[in-house]
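Residue numbers for the sequence shown follow our numbering, so the first one is 5 and each next one is one higher.
Below is one structure; the comments refer to it alone.
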Amino acid sequence: MTSPSNSLVFSVADTKHDLAWCAHIRTIVFVIGQNCPPEIEIDEHENICRHILGRDCGRPCATARWRVYKQGVAKIERVAVLDAWRGKRIGQSLMEAVIADIKATMPDCKTLRLGAQDYAIPFYERLGFAVDGDGFMEAGIPHHWMQKAA
5 MTSPSNSLVF SVADTKHDLA WCAHIRTIVF VIGQNCPPEI EIDEHENICR
55 HILGRDCGRP CATARWRVYK QGVAKIERVA VLDAWRGKRI GQSLMEAVIA
105 DIKATMPDCK TLRLGAQDYA IPFYERLGFA VDGDGFMEAG IPHHWMQKAA
């Protein structure tokens with residue numbers, strides 16, 4: 005999976021080394037950057053998710069994971085971009101790579117779902133997601149469920 009920039013490449017993290025990079029990026033973004041408890045960040049779904057790792061010129065810079073949530077529904081989780089790469093459309097390219105991976109590996113997927121931090125709702129809306137339901141708190145951060153057709 006390659007982004008419009010030839011230096012940015014996304015791939016499924018299927019080695020211990022790549023999975024460690026995904027966890028490291030998430031730790032920097034969520035645990036250090038947002039004070040999320042580490043026991044919430046690395047959770048019981050870790051081993052059943054497909055993890056996507058983004059590299060810019062070979063340097064790990066972004067990650068997300070997804071899993072089958074229920075029949076026909078994929079749940080995208082833990083979308084994280086390191087500070088130095090924010091504002092460069094890396095998040096959009098990451099989401100496009102995740103959605104492409106979902107479509108390639110889960111052909112019966114009809115709905116994409118995610119729990120967005122409230123400040124990130126406009127980002128996901130630009131990608132076609134819509135708020136679905138009431139807000140909720142996770143790790144002390146306001147969130148809303150969002151979804152879109154696959």
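Where is the CB? At the ideal position from N, CA and C, for every residue including glycine.
If you ignore the 5 residues before and after residue 98, its C-beta comes within less than 8 Å of the C-beta of 14, 56, 58, 66, 67, 68, 83 and 85, all in its own chain and listed in chain order. Under the 10 Å beta carbon count, residue 105 is surrounded by 16 or more other beta carbons and is classified as buried. Under the DSSP assignment, residue 135 falls in the beta strand (DSSP E) whose first and last residues are 134-142.
One Cα belongs to residue 136, the other to residue 90, and the distance between them is close to 26 Å.
The beta carbon of residue 132 sits closer than 6 Å to those of 152, all from its chain and outside the five residues before and after it, given in chain order. Taking 8 Å as the cut-off, the Cβ atoms of residue 117 and residue 72 do not count as close.
One alpha carbon belongs to residue 110, the other to residue 45, and they sit about 25 Å apart.
C-alpha of residue 94 to C-alpha of residue 47: approximately 25 Å in a straight line. For residue 146, no alpha helix (DSSP H) run applies; the uninterrupted beta strand (DSSP E) run containing it begins and ends at 145-153, by DSSP. As DSSP reads the structure, residue 121 sits in a beta bridge with 147. Taking residue 51 as reference, the option from 149, 20 and 39 with the minimal CA-CA separation is 20. As computed with DSSP, residue 81 is found in a beta bridge with 69.
A residue is called buried when at least 16 other Cβ atoms come within 10 angstroms of its Cβ; residue 108 does not meet this threshold and is exposed. The alpha-carbon separation between residue 74 and residue 113 amounts to approximately 9 Å.
Residue pairing by DSSP places residue 116 opposite 78 and 152 in a beta bridge.
Per the coordinates, the alpha-carbon of residue 96 lies some 20 Å from the alpha-carbon of residue 37.
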